[in-house]
């Protein structure tokens, strides 16, 4: 009988842990949950039948899943759990982490007999709630197959390469999100300044070659409505674009667009605010152009 | 009984004219077709039952549709047809034209009693063949409704604003296509240099927030296959991005990403070749990074 | 005995006109001066012995020098002087004008028998006061030689090409100023964030290959002192960079750095304020990086 | 009586070592010299009265100066000299190194009782030959004062901060060189395409606000002459710009211009060739614009 634990009950982690807890209960076991602000763990237990425990106790799980803001928080938790982990267990890190951190984290856990998989997720809060997240995993096939049945939040789980490849693909995906979103904001700002109706323009673009997830979903739902619901922070998207640029740097690549967009998102996070929704980057585009996307 | 004419039988224009001809025949009339290389008009007539005519004779049509490389060619044809047009007719320009050209062209035709609509199309050769193009139109509603039933190549026809708005939306759509394509090329180049499998990465991205038409269709079909089928030339996409940048300039806008990407596509058109498929812009990304997207 | 007139008594024009007036007086004639805010003309007359006149009276001068914010103001003044100009006279426009405007303005004046030279100046208020401006002139050699002795504000006067070339070189010079300034701001911001002393860094850079007018003069005098004296407005530098980008557009050139920097200066003019000194563009660099250049 | 050693006799190192040797001889001692291609050391000894020795013997010097392509080569040499260094000696690294490497190298040497100063130089081959290099040093004041009298190649020696600050300033200086050079190339390409004479344009710019070391020296001497003498490689300048971008990354800074220019130089190094002179980056600007700077 397998014990599972979930570390980090944020906007993504909380519904992910709920799916884990629901599946575990089918086998009659509890999912251990932990969160830095411990009240969130207790609330999760009350609502989803998981079990809130101190951090060190989660070390006794056979499968630990973490979903934290950055690799720095994962490193910290790894340090606190040193000496408390169970040999033979597997740690699946769903954080949007740094590819440089993964081999280091894997080595650190291997010394304790624990496997490590980098397994960030995509799909946002909606897919987390419906249990249909896309999980991109870096690591050995065999280890992935061991944990696959237990990742109840996954709609699709794809191995993308060796340790670190999961983090790498996630960073690049989010860098593309950042580019596509910013460019669409620029394009719409310019169309607006030329007197074009933005909703009609989006309808056309979404039936045309320039369409992307940002024109199809994010901009109509979050920007044109002026809602900017803060489900994924601007500071976190700037962080992810920065990971992609670090990857460019480490191979001495030439990626002028990703480089520029990373600079612009860092500027937006500082000027608009890191806690705003990531789509609020377009508020900086608006300021730069003296216009409003509406 | 309405006579229609179609000017410009390129990769897009030829199947568009075929749909026009098919619908006209239902009413027992021929669609006049003209092309600079006149043999293409004769071949079209033979294959699709249109009627190849000298340019000046097309001026007697009630509805003229043009689909030429740039607004410069439209201006030239307008000049040659001066004095040969029929008052009360409508000219629908499906060229990916310049918003600055539209009011000038409209005025020039109005002096001859002819209406003008800018009506570029999107969807590529495939949608042209299936008659499901998206048409984005700038101009008065009433004029648009007059021609709507006759544009047999249209799947969707959307009015996006006044004269010039059609060209404007098309230019911005194609600028977004250019940005999304280039950024995806950068991202994949970097992933490849980090040893990640590009097909798996695309599968993940296409189930995630970074997806766009370029990751879903163009890159898997044209780039990873190394086919780069030349259906839409790199020089033409550079031209369209340039129109978008002209629009930025005319309102003194701030669009650093569109500006940069325009510069990169002009460079790509010069270094890789303007006749190559637009997706071959990624061959410059490959050269810049010393890698191949495969 | 030659009559001269000077239109536009701003920060640059006022001392330039003073030099013209001083030299004219040697021949016993007055320099006519005009300014939109007419009190500035009267004050100039009182202080420098020029003669303040209504605009139309300046049309009787043999040599008219204009120094206005943009080519739009020159066009306006040209319109108001239509029918009031003296055949055989020469108009020297020292405005940082648009190369596209020059041939049009020359033609318009030629119809009235008046020659036109585009002749923007460089050196700033200091060189205007000392009468040592660099004047870059576009137009025929013979016409340039006619006016050369009378341009008392010129330290150096160089013919750079045909009509429009003066404006073109000025725009590119100012675009390079904009690039060099912004990049130096970025570099110093990063050094500061790494704990390096900025004055020492500037000393080194100014003895090294990365030096420019901006590191040698502008940044130590205006930025590190936090004075940002508004002698040349940020909005005007953004305008000049925009002229350079228009020149890129008109030849379909590929200038990714000038394109990007133009976008950034337009953003800075909107976010920091167009009336601030041009060096205050670095306040946006500071905001983008959460640091202060001090 | 102090023994000095010089490691790395490239285009810069060779004349620097010659100055060291000349000054040492005044005190009756030889300067030890070493180079990977040892024949260059022997030739140096023959020509300048230095003494060519195997690498390990240089470890007995009281002052070791290194001038190698990158920090990677310094790390390698440090490894080979491990156990052969003299406690109490000082190592001065004139390589254009990486700020991240400096603290590590200092620590590694401190374990052996050896001090470390990062001390890159600026001024190029000319200043190396005349012994008038600018030396920018990171490290403790006292250590700097110890070595100051012995660095015979220095015209100016400035402490810019703690360990690593020398490398940092050098990287930023070279990034500014890269930006200023590229932008000037863009500007001149555009002026040329507009029919402006480039020499006249440079004369004006060099008397104006857009001037920099690149317009005053590099472009007239190396580019317009088409000589591109390979004294400082394009690959090395791309490397230095990359170090500056790494510094941006490590503080999560926003430097869109340095980021973009780094990408362009890496592209230029790959497309034009890393061994070409750094000014040959403008050959890529030429290709991108279909023009020649002449």
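Chains as they are written, first to last, in my numbering: chain A, 1 to 294; chain B, 1001 to 1294; chain C, 2001 to 2294; chain D, 3001 to 3294. We treat Cβ as the ideally placed atom computed from N, Cα and C, and that holds for glycine.
Q) Is the region 238-250 of chain A close to the region 207-214 of chain A, with three or more CB pairs under 8 Å? A) Contact between the region 238-250 of chain A and the region 207-214 of chain A is absent, because fewer than three Cβ pairs lie under 8 Å.
Q) Nearest CA to the CA of residue 3085 of chain D: which residue from D:3004, D:3132, D:3278? A) Closest option to residue 3085 of chain D, Cα to Cα, is D:3004.
Q: Find the residues of chain B that neighbour residue 3274 of chain D, judging by a C-beta separation of less than 9 Å, and give them in chain order.
A: Listed along chain B is no residue with a C-beta nearer than 9 Å to that of residue 3274 of chain D; the closest approach is about 11 Å.
Q: Drop a sphere of 10 angstroms on the beta-carbon of residue 3141 of chain D, count the other beta-carbons inside from all chains shown, and report buried for 16 or more, exposed for fewer.
A: By the neighbour-count criterion, in which a residue is buried when 16 or more other Cβ atoms sit within 10 angstroms of its Cβ, residue 3141 of chain D is exposed.
Q) Can the beta-carbon of residue 1045 of chain B be found less than 8 Å from the beta-carbon of residue 1052 of chain B? A) A contact, by the Cβ cut-off of 8 Å.
Q. Quick one: what's residue 2162 of chain C bridged to in DSSP?
A. Looking at the DSSP assignment, residue 2162 of chain C forms no beta bridge with any residue, so it has no partner.
Q: Please work out which residues of its chain come closer than 6 Å, Cβ to Cβ, to residue 59 of chain A, disregarding the five sequence neighbours upstream and downstream, and give them in chain order.
A: Answer for residue 59 of chain A: 81, 84, 85, listed in chain order.
Q. Alpha carbon to alpha carbon, what distance is there between residue 1138 of chain B and residue 1145 of chain B?
A. Just so you know, the alpha carbons of residue 1145 of chain B and residue 1138 of chain B end up roughly 12 Å apart.
Q) DSSP beta-bridge partners for residue 1136 of chain B? A) According to DSSP, residue 1136 of chain B bridges with B:1158.
Q) What does DSSP give as the partner residues of residue 3277 of chain D in its beta bridges? A) Residue 3277 of chain D is bridged by DSSP to D:3233.
Q) By how many angstroms is the C-alpha of residue 1055 of chain B removed from the C-alpha of residue 1118 of chain B? A) For residue 1118 of chain B and residue 1055 of chain B, the distance between alpha carbons rounds to 20 Å.
Q.
Assuming the contact rule is C-beta atoms closer than 8 Å, residue 1016 of chain B and residue 1128 of chain B should be a hit. Round their C-beta distance to whole Å, please.
A. Contact holds; Cβ gap of about 5 Å.
Q: Put residue 2294 of chain C into one of helix, strand or coil per three-state DSSP.
A: Residue state, collapsed to three classes: coil.
Q. With a cut-off of 8 Å, does the C-beta of residue 3290 of chain D fall near any C-beta of chain B?
A. It does; some Cβ of chain B falls within 8 Å.
(Q) For chain D, check one thing: does any of its Cβ atoms lie closer than 8 Å to the Cβ of residue 2136 of chain C? (A) Taking Cβ atoms only, chain D reaches closer than 8 Å to residue 2136 of chain C, which makes this a yes.
(Q) Taking a contact to mean a Cβ-Cβ separation below 8 Å, would you say residue 40 of chain A touches residue 96 of chain A in this structure? (A) Contact: no.
**Q.** Proximity to residue 2277 of chain C [Cα-Cα], best of C:2204, C:2226, C:2101, C:2254
**A.** With distances taken between Cα atoms, residue 2277 of chain C lies closest to C:2226.
Q | Proximal residues to residue 3090 of chain D (C-beta, below 8 Å), its chain only, five neighbours per side dropped | A | Same-chain partners within the cutoff: 3062, 3063, 3064, 3114, 3115, 3116, 3117, 3143, 3146, 3147.
Q. Where in the region 3034-3076 of chain D do unbroken runs of the beta strand (DSSP E), each at least 3 residues long, occur, reported from the N-terminal end onward?
A. Fully enclosed beta strand (DSSP E) runs of 3 or longer: 3063-3066.
(Q) Give me the subset of the region 1166-1199 of chain B whose CB atoms are less than 7 Å from a CB atom of chain A, sorted by chain position. (A) Listed by position, the residues of the region 1166-1199 of chain B near chain A (Cβ gap below 7 Å) are 1168, 1169, 1172, 1173, 1174, 1175, 1176, 1177, 1179, 1180, 1182, 1183, 1184, 1186, 1187, 1189, 1190, 1191, 1193, 1194, 1195, 1196, 1197.
Q: Could you tell me which chain A residues have their CB closer than 7 Å to the CB of residue 1247 of chain B, listed as they occur along the chain?
A: Within 7 Å Cβ-Cβ: 190, 194.
Q. For residue 2024 of chain C, does the count of other Cβ atoms within 10 angstroms reach 16, so buried, or fall short, so exposed?
A. Per the 10 Å Cβ criterion, buried.
Q.
Measuring only the C-alpha atoms, how far is residue 1152 of chain B from residue 1020 of chain B?
A. Spanning the two alpha carbons is a distance of roughly 5 Å.
Q: Would you verify that the beta carbon of residue 1221 of chain B is, or is not, closer than 8 Å to some beta carbon of chain A?
A: False, the Cβ-Cβ gap to chain A never drops below 8 Å.
Q) By the 10 Å Cβ neighbour count, where 16 or more other Cβ atoms means buried, how is residue 2 of chain A classified, buried or exposed? A) Within 10 angstroms of the beta-carbon of residue 2 of chain A lie fewer than 16 other beta-carbons, which makes it exposed.
Q) At least one CB of chain A closer than 8 Å to the CB of residue 1243 of chain B: is that the case? A) No, residue 1243 of chain B lies away from the interface with chain A (no Cβ there is under 8 Å from its Cβ).
Q. Shortest alpha-carbon distance to residue 3182 of chain D belongs to which of D:3110, D:3289, D:3101, D:3196?
A. Checked all of D:3110, D:3289, D:3101, D:3196; the closest Cα to residue 3182 of chain D is D:3289.
Q. From what residue to what residue does the alpha helix (DSSP H) around residue 214 of chain A run?
A. Residue 214 of chain A -> no alpha helix (DSSP H), and no H or E assigned at all.
Q. Does the beta carbon of residue 3187 of chain D fall short of 7 Å from some heavy atom of the ligand COA?
A. Among the ligands in the structure shown, none appear at all, so the ligand COA cannot be discussed.
Q | Length of the line joining the Cα atoms of residue 2031 of chain C and residue 1256 of chain B | A | If I take the Cα positions, the gap works out to 46 Å.
Q: Give the residues of chain A in contact with residue 1158 of chain B, contact being defined as C-beta atoms less than 7 Å apart.
A: Result: 200, 203, 204.
Q) Around the C-beta of residue 331 of chain A, are 16 or more other C-beta atoms found within 10 angstroms, so that it is buried, or is it exposed? A) Lying outside 1 to 294, the shown extent of chain A, residue 331 of chain A is not represented and no answer is given.
Q) Is residue 1196 of chain B near residue 165 of chain A, with beta carbons less than 8 Å apart? A) Contact flag set, yes.
(Q) Based on DSSP bridge pairs, tell me the residues matched to residue 3031 of chain D. (A) Beta-bridge pairing links residue 3031 of chain D to D:3004.
**Q.** residue 3115 of chain D - DSSP class collapsed to helix/strand/coil
**A.** Here residue 3115 of chain D sits in strand by DSSP.
Q. Rounded C-beta distance between residue 214 of chain A and residue 263 of chain A? I'm assuming under 8 Å.
A. With 8 Å as the limit, residue 214 of chain A and residue 263 of chain A do not qualify as a contact, their Cβ atoms being about 19 Å apart.
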